Amino acid sequence: MTSPSATADVLAPPAESESDNYLTHDKGILSWLLTLDHKRIGVMYLMCVMGAFLLGGVFALLIRTELLTPGRTIVEHDTYNQLFTLHGAVMVFLVIIPGIPAALGNFVLPLQLGAKDVAFPRLNLASWYLWMIGASFLVVSLVTNAADTGWTFYTPYSTTTTTSVIPALFGAFILGFSSIFTGLNFITTMHKLRPPGMTWFRMPLFLWALYSTAVIQVLATPVLAITLLMLIVERFIGIGIFDPALGGDPVLFQHFFWFYSHPAVYIMIVPAFGVVSEIIAVFSRKRIFGYKFIALSSVAIAILGFLVWGHHMFVSGQSVLAGTIFSGITFLIAIPTAIKVFNWITTMYKGRIHLDTPMLYALFFLWVFSIGGLTGIFLGVMSLDVHLHDTYFVVAHFHYVMMGGAVTAFFGGLHYWWPKMFGRMYDEKWGRTACGLLFVGLNLTFFPQFILGTRGMPRRYYNYLVEFQPLHQLSSMGAYLMGISFVIVAVYLLRSLRKGEPAPANPWGSNTLEWRTVSPPPYYNFHDTPEVVEGPYEYADWVYDKRIRGYVRKASDAS
Amino acid sequence: MNTMLARFLGGVLAAAPAGGLPDPPKVPHSNWFWMPNSASNFAAATDGMFDALMWISAVCMLGVAAAIGYFCWRYRATSREANEAAESQEDHSNALEITWSIIPLFVVIGVFVVGFKQFVDLRSPPRAAYEVHATGQRWKWGFEYPEGLTHPELHVAMGKDVRILIQSVDVIHSLYIPEMRVKMDAVPGRYTELWFRPTQEGTFPIYCAEYCGTSHSDMLSRVVVHSPEAFQAWVAEEIRKIESMPLVELGELTYNQAGCSTCHSLDGSAKVGPSFKGVFGRQEKIFGAGTLTVDENYIRESILEPQAKLVEGFPPAMPTFKGQLSDRRILGLVEFIKGPASTGEPVVKAAAPGGPVPGSPAPDSPVPGSPASGSPVPAPPAPGSQGANPAAPSADPKGGQQ
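Protein chains in written order, with this note's numbering: chain A, 4 to 562; chain B, 6 to 407.
Structure follows, in C-alpha cells:
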C-alpha cells in the first residue's frame with residue numbers, strides 16, 4: 004500500500020469527525036430538504052422508499068387476504084382490481100426501481116469513488132423532488148378513484164375505464180424523469196470522478212452494476228415517458244393511437260410499454276447483482292471470482308435486455324417470426340445470468356465464510372434468484388408460454404425475481420451499509436432471525452403460485468375455482484409471515500438508531516473505499532482523496548481489532 | 006360457500022346428460038402435481054417440455070443448494086477475532102468460465118429449437134379444421150358455429166381439429182383452455198386464432214386470461230368435448246330448440262347467454278347497470294333528458310343503442326348488441342324483461358317439446374336423475390330454463406356470490 008493518506012484515515016480518524024458527521028453537520032428540516040449532500044439525499048430516498056414499501060406491502064396483504072376465499076372475503080371486485088394495480092405500480096415505480104440505485108446507490112456511489120459527491124448534486128436533489136411529485140400523483144390517484152388497469156396500463160382498457168388513470172400515468176411519467184436524472188448523474192460521476200488509480204476494472208462491482216443500470220435508465224425510460232404521454236393524449240383529447248375504436252392499434256401499446264418495461268426489469272435486478280457481488284466477496288474474505296465476467300455480464304444483460312420485449316407478447320397475436328426472434332434472444336440472457344451465479348458460488352469456494360446478516364441475505368438471494376431465473380426459461384419457451392402466460396406461474400416467477408431478487412438484495416445491502424449510513428450496529432441475532440423468517444415466508448408465498456399457474460389459475464382474478472383454494476391459502480400464510488418479518492426488521496433497525504452500538508469505520512473488513520472513512524461519514528466524506536493501487540476485493544491487509552469491533556488496515560505498506 | 010362457484014363447478018363437473026345422447030364424462034381434477042388434465046393433441050408436447058425443464062431446474066437448484074451448503078460448512082470462519090485468511094485467492098479461470106457458459110448455451114439452444122417447433126404446431130391450424138368464431142366481450146364468451154348457432158359454450162367433437170377465430174368487441178381478452186394447453190388474446194380490431202384437437206371427452210373450464218375489468222375473474226365458460234355423433238346431435242338440438250322456443254323463454258335464455266346477467270340483476274340489486282326487477286313501466290331519470298317510462302321501445306333502443314338514453318347514476322358501460330342478436334331474440338328479451346324479470350315471477354315453461362339439450366350446464370343443484378355418472382336417463386330441466394350460463398355466473402343475486 005503506497006497511499007499513506009488512505010491508511011491514515013482509518014488508523015487515526017480526525018478527532019472532529021467523531022462529533023461532526025453528515026447527520027449532525029446541519030440542523031433543521033430545511034437543512035435536509037435543501038441539502039445537496041448525496042448522503043442526505045440517499046437517506047431521504049431511503050425513508051421515502053421504505054414508506055412506499057410499507058404502502059405496497061399493505062396492498063399486498065390486502066390482496067392475499069381477499070384471496071383467502073373465492074368470491075368476496077373483504078373487498079369487492081373493483082376494489083380488488085384497484086388494489087393489485089396500486090400494489091404493482093407502487094412496488095415497481097416507487098420501491099424497486101429507485102430502491103437500490105437511488106437510496107443505497109446515492110449514498111454509496113460517491114463514497115466508493117472516494118469522491119465528495121455526485122457530479123451534479125442539484126440534479127440529484129431535483130430527482131428526489133421529482134420522485135416526491137410523482138409519488139404524490141400516485142397517491143392522488145389512490146384517494147380519488149384509483150386506477151384499475153393493472154400496472155401495465157394495457158389499452159384499450161386503460162383508455163376506456165372510468166377510474167382516474169391520468170393521475171397514475173402522470174405519476175409514472177414524472178417518476179421516469181426522476182429515474183433518468185439519477186442515471187445521468189451516476190454515469191457522469193463514474194466517468195469523471197473516479198479517484199487516482201481507480202481504473203474501470205478496479206471499480207467495485209456495485210458500481211459496474213449501477214453503471215449498467217444507469218445506461219438502461221437513460222435509454223429506455225424516455226420511451227416510457229413518450230408512451231404514457233400518448234396514452235394521456237388519447238384519453239384526454241381522443242387522438243386514436245392505441246384504441247381501435249379511434250383507429251389505433253392496442254398491441255402497439257404493448258410494444259411500446261414492454262420496450263421500456265422489459266429493460267426496466269433489469270433496472271430493478273442489475274443493481275441487486277452489484278450488491279450481492281460486494282457482500283459475497285467481503286463475507287468470504289476472498290477476491291470475487293471472475294470479476295470481469297461479472298462486470299461485463301451486467302453490460303451484456305443491459306444490452307440484450309433491450310431486444311427481448313416481445314416475449315411478453317407470445318399470445319398477443321404477434322407473428323410467429325417475431326416471437327421466434329424474441330424467444331431466441333431471451334434465451335441468450337440466460338447465459339450472462341448463469342455466469343454470475345456460478346461466479347458468486349465459486350467465490351465462496353476456499354473462502355472464509357462469515358454468516359452475518361448481509362451474507363445470509365446474499366445466500367437467500369442466490370437461492371430465490373436462481374429459481375426466478377430458471378422459471379424464466381420456462382416462460383421463454385414459446386410453446387410452454389402459451390399455457391403459462393398470464394397465469395400465476397408468471398406472478399410467481401417475477402415475484403421470485405423482483406421480491407426474492409431485487410428486494411432481498413436491497414435488504415442485504417441495507418444491512419451491509421447500515422453501520423456506515425447511521426454509525427450504529429443493529430442486533431445481529433434479530434437480523435438473522437428475520438432473514439430466516441423472510442426466507443420461509445417468501446418461498447411459502449410464491450412457490451404455491453407456481454403450482455396454481457401450471458394448473459391453470461389466471462392472474463388478476465378476484466374469484467377462483469374452489470380447487471385452487473388450499474394453494475391460495477398457503478400463499479396468504481406466507482405473505483403474513485413475510486409481513487411479520489418486515490415488521491421485525493423495521494423494529495430492530497429503528498431501535499439500533501438509538502440503542503445500537505457505535506459502528507466502527509469498517510465492521511465487515513471490506514476493501515472498498517466507503518469503509519475507509521468513519522461511520523457515519525463526515526460531511527466531506529474523506530479527509531483526503533484516497534488513492535487506489537489495487538482491486539476492490541483485496542482483504543489480506545485488513546485485520547480485525549477486538550477493541551473497536553471492526554477492521555483496521557495493517558500499518559505496514561507491504562502490499 | 007360460494008354459490009357462483011358451486012354452480013360453475015356443478016356445471017363443469019356434473020354436466021347434465023340429455024335426451025338419449027351420451028353425456029360427456031365427468032372428469033376429475035388432474036392428480037398430477039403440476040398440470041391439469043391433458044385433453045388435446047398439444048398436451049403431450051407442452052408437458053414434455055415442462056417436465057424436461059423441471060428436471061433441469063431441479064438438478065440446477067440441487068447443485069446450487071449443495072454448493073452453498075457445503076461451502077458454508079467447509080469454509081466457515083470460526084470468529085472475526087481469529088482473522089483467518091481465505092485458503093486461496095484464486096480469482097479467475099477462463100476454462101471454468103467457458104465451460105459454464107457453453108453448457109447452458111447448448112441447453113438453451115436445444116430448448117429453444119424444440120419450443121420453436123412446438124410453437125409452429127400450435128400456430129398452424131390444419132386446413133380442414135372445423136371453424137368456430139369466438140367473441141370476447143365484457144364479461145362473457147360467445148361461440149358462433151358454422152351451422153348458424155350462437156352459444157356461450159364451446160362444444161367440440163372428440164378427435165376433430167377445431168380452429169377458433171377470436172375477436173373482441175371491447176377490450177383485450179384472452180381465451181384460455183388449460184386442459185387443451187392453448188391460449189390466445191382476443192384483440193379488438195383484428196382476428197386471432199388458435200386450434201387444437203380434443204383427445205378426451207369431457208367438460209373443461211375456459212377462462213379469460215387477459216385482465217378486462219370488474220368481472221374479469223367471472224368471465225368463464227366451458228369447453229364440452231362430445232363424441233362426433235353426439236356433437237352433431239347437440240348442434241341440431243340447440244338450433245331446433247331456439248327456433249321453437251316461446252319468446253319469454255328465448256328471452257331468458259338470451260339474458261343468460263348474451264351477458265345481460267353480468268350487469269343487470271333480477272333481484273333489485275344494482276350492479277354495473279340497473280336491475281330488471283320492476284323495471285317495466287317504471288319512471289327512470291335519464292341522464293340529461295328528464296324522465297321517461299320504460300316501455301318496449303326503450304328496451305329495444307337500450308339493447309341496440311345503449312348510450313342513447315342512460316339511466317342516471319350508471320356508467321356508460323354497455324356495449325351495443327346491434328347485429329349480434331336476431332330480431333326474435335330481441336323480442337324475446339323485451340318479453341322477458343317486461344314479464345318475469347320485472348315481476349320477479351319465474352318463467353312459465355311451455356312443455357319442453359324436444360327434451361333437454363345435451364351439455365346444457367347443470368343449474369344450481371344437480372338435477373335429480375342426472376348424476377355426474379352420465380346416466381342416460383335424464384330428468385332434464387327445460388332448455389335454458391335456469392341460470393344456464395356459467396359464463397354469466399353473476400346471474401345470481403349479488404349476495405349469492407359470497
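Here a beta-carbon is modelled for each residue, glycine too, at the ideal position from N, C-alpha and C.
Treat the numbers as computed from the prediction; the structure is a model and nothing was measured.
| Check | Outcome |
| --- | --- |
| Is DSSP giving residue 168 of chain B helix, strand or coil here? | strand |
| Where does residue 421 of chain A fall in DSSP's three states? | helix |
| From the DSSP output, in three-state form, read off residue 306 of chain B for me. | helix |
| DSSP three-state call for residue 262 of chain B: helix, strand or coil? | helix |
| What is the rounded straight-line gap between the Cα of residue 364 of chain B and the Cα of residue 229 of chain B? | Only weak support is given to the placement of residue 364 of chain B: the predicted model assigns it a pLDDT of 39, under 50, and the question is left unresolved by the model. |
| Assuming residue 252 of chain B and residue 340 of chain B form a contact by the criterion Cβ under 8 Å, report the distance between their Cβ atoms to the nearest whole angstrom. | 4 Å |
| Taking Cβ-Cβ distances shorter than 8 Å, what residues in chain A pair up with residue 67 of chain B? | Chain A residues near residue 67 of chain B: none, gap ~11 Å exceeds 8 Å. |
| Quick one: what does DSSP say residue 163 of chain B is sitting in, helix, strand or coil? | coil |
| Check whether the Cβ atoms of residue 88 of chain A and residue 149 of chain A lie closer than 8 Å to each other. | yes |
| Can you give me the Cβ contacts of residue 285 of chain B inside the same chain, cut-off strictly under 7 Å, excluding the 5 residues immediately before and after it? | 299, 342, 343 and 347 |
| Mind listing the chain B neighbours of residue 543 of chain A? Cutoff is C-beta to C-beta under 7 Å, in chain order. | 90 |
| On the DSSP bridge list, what partners appear for residue 189 of chain B? | B/180 |
| Relative to the C-alpha of residue 547 of chain A, which residue among B/52, B/88 and B/159 is closest? | B/88 |
| Run the CB neighbour count on residue 437 of chain A, radius 10 Å, all protein chains shown included, and call it buried at 16 or more, exposed below. | buried |
| Report the partner residues of residue 45 of chain B according to the DSSP bridge assignment. | B/203 |
| So which residues of chain B does residue 337 of chain A contact, with C-beta pairs closer than 9 Å? | 109, 110, 112 and 113 |
| Give me the chain C residues within the contact set of residue 549 of chain A, using Cβ-Cβ distance strictly less than 9 Å, ordered along the chain. | In the displayed structure, chain C is absent; the protein chains listed are A and B. |
| Label residue 165 of chain A either buried or exposed according to how many other C-beta atoms from any shown protein chain fall within 10 Å of its C-beta, with 16 as the threshold for buried. | exposed |
| With the cut-off set at 8 Å, would you say residue 458 of chain A and residue 41 of chain B are in Cβ contact? | yes |
| Assuming residue 60 of chain A and residue 109 of chain A form a contact by the criterion Cβ under 8 Å, report the distance between their Cβ atoms to the nearest whole angstrom. | In fact, because the Cβ distance is near 23 Å, the residues do not count as touching under 8 Å. |
| What residues of chain A sit near residue 317 of chain B, judged by a beta carbon separation below 9 Å? | Under the 9 Å cutoff, chain A gives no residues; its nearest Cβ is about 15 Å from residue 317 of chain B. |
| For residue 236 of chain A, does the count of other Cβ atoms within 10 angstroms reach 16, so buried, or fall short, so exposed? | exposed |
| Can you tell me whether residue 355 of chain A is helix, strand or coil according to DSSP? | coil |
| List the residues that DSSP assigns as beta-bridge partners of residue 210 of chain B. | B/227 |
| For residue 40 of chain A, which residues does DSSP report across the bridge? | Residue 40 of chain A is not bridged to any residue. |
| Residues of chain B with CB closer than 8 Å to the CB of residue 281 of chain A, please, in chain order. | Going along chain B, no residue has its Cβ under 8 Å from residue 281 of chain A, so there is no contact; the nearest lies around 15 Å. |
| In terms of residue numbering, what span does the alpha helix (DSSP H) encompassing residue 81 of chain A cover? | 80-92 |
| Just curious, the beta strand (DSSP E) that residue 145 of chain B is in, first and last residue? | 145-150 |
| In the DSSP output, which residue or residues are listed as bridge partners for residue 291 of chain B? | B/316 |
| The alpha helix (DSSP H) with residue 555 of chain A in it runs from where to where? | Not the alpha helix (DSSP H): residue 555 of chain A falls in the beta strand (DSSP E), residues 553-556. |
| Nearest chain B C-beta to residue 289 of chain A closer than 8 Å, yes or no? | yes |
| Which ranges would you report for the beta strand (DSSP E) in the region 48-78 of chain A if only whole runs of at least 3 residues count? | none |
| Let's test the definition: count the other Cβ atoms within 10 Å of the Cβ of residue 196 of chain B and tell me whether it reaches 16, buried, or not, exposed. | exposed |
| When you compare only the Cα positions, how much space is there between residue 65 of chain B and residue 104 of chain A? | 30 Å |
| Alpha carbon to alpha carbon, how far is residue 537 of chain A from residue 203 of chain A? Give it in angstroms, no decimals. | 12 Å |
| Output needed for residue 126 of chain A: all residues of its chain with C-beta closer than 6 Å, excluding positions within five of it in sequence on either side, in chain order. | 184 and 188 |
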